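Asker: Chains as they are written, first to last, in the numbering used here: chain A, 120 to 255; chain B, 120 to 255. All C-beta atoms in this analysis are idealised placements derived from N, C-alpha and C, irrespective of residue type, glycine included. Please read these numbers as outputs of a predicted model, since none were measured by experiment. Got a structure for you, written out below as structure tokens; questions coming shortly.
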DNA sequence: CTATTTCCCTATCGGATTAGTAGGCTAATA
DNA sequence: TATTAGCCTACTAATCCGATAGGGAAATAG
């Protein structure tokens, strides 16, 4: 299940990406428009900024803006920052790999192989979609 | 993230499906072989029985056995019983649909459309895979 | 008939995570 | 100097998950 953090984060960055001329958008504007708790959204945008997706400007007329072209932001990288692993099981994760305690042989594990297939197909979607694709 | 319940449940039913002549398998046997807490596994197998996948036999020589041919048990139906919705977001779920509180227009929601695509590809895998496919 | 085996069922619990809140701080601008 | 708007840390309520406890009931063996 997708966390609200991810859902809110995606909606917010899509909102920001829709601005013309990359004008900074205030947190409060997004929060109101997307019905997201302001303080919670604040922390989400903070992590998106610390991850290098967004820049920020303080004081009057401030807000958040994209640091890169929307075409160059892959959905998969957004998902990894917001949600964490894309795989449903750590033992098939590329970026968050972890061995199972049980399961002596991964290749013989039915769950492993099934989830490997799911991860591939999901990743294929996320890797081939950019923020720009989400806007329209 | 896949819950342990699902992981254990899948491993267990795969174990049961591997038996020759559909001989009943005891909970304890599976628990030991797959390193699963016995009591926890007990409750998982109970739900699989109540959902019509497994039959049970009590007393000596008892245990769990498949009620249908492994070919006729789709992974998607197992997933729905064990894990719940296959979709990452309720608003794109076929069997567990729920409208978002926020989001006035689903078709205009970037997250909705993205997750719709993911659900389709995941479901495609789960629908076209049976328990028999997991065994080998 | 009795003992043993094995599944049946309900209740409970600790720990982790999530979503959200509070509140003060700091930089930029007017 | 006042105001605006993001920065940052800490805290909390609620929920869920994985696991545990413990007795009950049916089937079988002897």
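Taking residue 180 of chain B as the reference, give the member of B:156, B:147, B:221 with the closest Cα.
Answerer: Closest in alpha carbon position to residue 180 of chain B, among B:156, B:147, B:221, is B:147.
Asker: Return the bridge partner residues of residue 89 of chain A from the DSSP annotation.
Answerer: Since the displayed chain A opens at 120 and closes at 255, residue 89 of chain A lies outside it and no answer follows.
Asker: Between the stretch 161-175 of chain A and the stretch 221-234 of chain A, do at least 3 Cβ pairs fall closer than 8 angstroms?
Answerer: no
Asker: For the 8 angstroms Cβ check, are there 3 or more pairs between the stretch 182-189 of chain A and the stretch 130-141 of chain A?
Answerer: The stretch 182-189 of chain A vs the stretch 130-141 of chain A: in contact.
Asker: Within 8 angstroms of any Cβ in chain A, is that where the Cβ of residue 153 of chain B sits?
Answerer: Yes, contact with chain A.
Asker: Would you mind telling me which residues of chain B sit closer than 8 angstroms to residue 166 of chain A, beta carbon to beta carbon, in chain order?
Answerer: Here the premise fails: no neighbours, minimum Cβ distance about 17 angstroms.
Asker: Run through chain A and tell me which residues come within less than 9 angstroms of residue 236 of chain B, C-beta to C-beta.
Answerer: 244, 248
Asker: What is the DSSP secondary structure of residue 193 of chain A, reduced to helix, strand or coil?
Answerer: DSSP, read as helix, strand or coil, puts residue 193 of chain A in strand.
Asker: Output, in sequence order along the chain, the residues in the stretch 164-194 of chain B whose CB is closer than 9 angstroms to any CB in chain A.
Answerer: 194
Asker: The alpha helix (DSSP H) that contains residue 229 of chain A, what's its start and end?
Answerer: 229-246
Asker: Indicate the three-state DSSP secondary structure (helix, strand or coil) for residue 255 of chain B in the structure shown.
Answerer: Here residue 255 of chain B sits in coil by DSSP.
Asker: For residue 254 of chain A, count neighbouring C-beta atoms within 10 Å of its own C-beta (all shown protein chains included) and say buried if the count is 16 or more, exposed if not.
Answerer: exposed
Asker: Return yes when the Cβ of residue 233 of chain A is within less than 8 angstroms of the Cβ of residue 248 of chain B, no when it is not.
Answerer: Contact flag set, yes.
Asker: For residue 241 of chain A, go through chain B and note every residue whose CB falls closer than 8 angstroms to its CB, in chain order.
Answerer: 237, 240, 241
Asker: Which residue comes first and which comes last in the alpha helix (DSSP H) that contains residue 124 of chain A?
Answerer: 123-136
Asker: Please report whether the beta-carbon of residue 144 of chain A lies at a distance below 8 angstroms from any beta-carbon of chain B.
Answerer: no
Asker: Kindly indicate which residue of A:163, A:137, A:245 has the alpha-carbon position closest to the one of residue 194 of chain A.
Answerer: Selected option, being the one with the closest Cα: A:245.
Asker: What residue does the alpha helix (DSSP H) around residue 165 of chain B start on, and which one ends it?
Answerer: 157-169
Asker: Could you check what DSSP says for residue 212 of chain B in three-state terms: helix, strand or coil?
Answerer: Residue 212 of chain B: coil per DSSP, three-state reduction.
Asker: Rounding to the nearest angstrom, what Cα-Cα distance links residue 227 of chain B and residue 201 of chain A in this structure?
Answerer: 21 angstroms
Asker: When burial is assigned at 16 or more other CB atoms within 10 Å of the CB, is residue 125 of chain B buried or exposed?
Answerer: buried
Asker: Less than 8 angstroms between the C-beta atoms of residue 155 of chain A and residue 250 of chain A, yes or no?
Answerer: no
Asker: Taking residue 187 of chain A as the reference, which of A:167, A:210, A:205 has the closest Cα?
Answerer: A:167
Asker: Name the residues in the stretch 121-146 of chain B whose C-beta lies less than 7 angstroms from a C-beta of chain A; which are they?
Answerer: 121, 126, 129, 130, 133
Asker: For residue 160 of chain A, does the count of other Cβ atoms within 10 angstroms reach 16, so buried, or fall short, so exposed?
Answerer: buried
Asker: Which residues in chain A sit within 9 angstroms of residue 197 of chain B, going by Cβ to Cβ distance?
Answerer: Result: empty, since nearest Cβ-Cβ is about 10 angstroms, beyond 9 angstroms.
Asker: Identify whether residue 249 of chain B lies in helix, strand or coil by the three-state DSSP scheme.
Answerer: strand
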